[in-house]
Amino acid sequence: RNSSSNKEEKEVQKVQKWFPKSELCTVCRRRAYPMDALIVDKKKYHKSCFCCEHCRNKLSLGNYVSLHGHFYCLHHYKQLLKSKGNYDNGLGQKPPTGSADVHLQATVRG
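Structure, rendered in structure tokens:
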């Protein structure tokens, strides 16, 4: 490791000691202030850390799909679904959760 990543890691560890875990972003483990935070699946994220697993574009509460703890934009979720077939064929047992569930399920089934 280089020295800058070690220094950054030590700073994150210091922050973790001072603040309760409930105040830390799930992705970067830094403090997420209420004005810059989202709560998704009972976990806190910085708005800038809440990104599509595939394209890394920022997501919002109205445009994401959660599948087995991974978040996707609607475009890449649909692309993944087309490439894998259905929910039970490579994507897992349960349909996804998220704000677009009803719309996507209707689109996929319809």
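Heads up, the sequence shown stops at 720 in my numbering, and the numbers go up one at a time, no gaps.
All C-beta atoms in this analysis are idealised placements derived from N, C-alpha and C, irrespective of residue type, glycine included.
Report the rounded CA-to-CA distance for residue i versus residue j, giving the unit in angstroms.
i: GLY672; j: GLN689; result: 18 angstroms
i: CYS638; j: MET645; result: 17 angstroms
i: ARG641; j: VAL650; result: 16 angstroms
i: ASP698; j: LEU691; result: In this prediction, ASP698 scores a pLDDT of 47, lower than 50, which makes its location untrustworthy; the coordinate-derived value is nonetheless stated afterwards. So the two alpha carbons sit approximately 10 angstroms from each other.
i: VAL675; j: LYS694; result: 16 angstroms
i: ARG666; j: GLU633; result: 23 angstroms
i: TYR643; j: LYS657; result: 10 angstroms
Relative to the C-alpha of residue i, which residue among the options is closest?
i: LYS653; options: TYR682, THR636 and HIS664; result: THR636
i: TYR655; options: HIS678, LYS631 and SER693; result: LYS631
i: GLY679; options: LYS657, CYS662 and SER670; result: CYS662
Within a Cβ cutoff of 7 angstroms, which residues of the same chain sit near residue i, ignoring the five residues on either side of it in sequence?
i: HIS664; result: TYR682 and HIS686
i: CYS659; result: CYS635, VAL637 and CYS638
i: LEU740; result: In this structure the chain extends from 611 to 720, so residue 740 is not present and cannot be described.
Skipping 5 residues on each side, what residues in its chain have a beta carbon closer than 6 angstroms to that of residue i?
i: ALA647; result: LYS654
i: GLN703; result: At GLN703 the pLDDT is 44, less than 50, meaning the model places this residue with poor confidence; the figure from the coordinates comes in the next sentence. Nothing meets the Cβ criterion.
Identify the residues that DSSP records as bridge partners of residue i: which are they?
i: HIS656; result: ALA647
i: LYS694; result: Beta-bridge pairing links LYS694 to no other residue.
i: LYS668; result: CYS661
i: ARG641; result: LEU634
Would a check of beta-carbon distances place residue i closer than 8 angstroms to chain C?
i: ARG641; result: Considering every chain present, this structure includes no chain C. It has just one protein chain.
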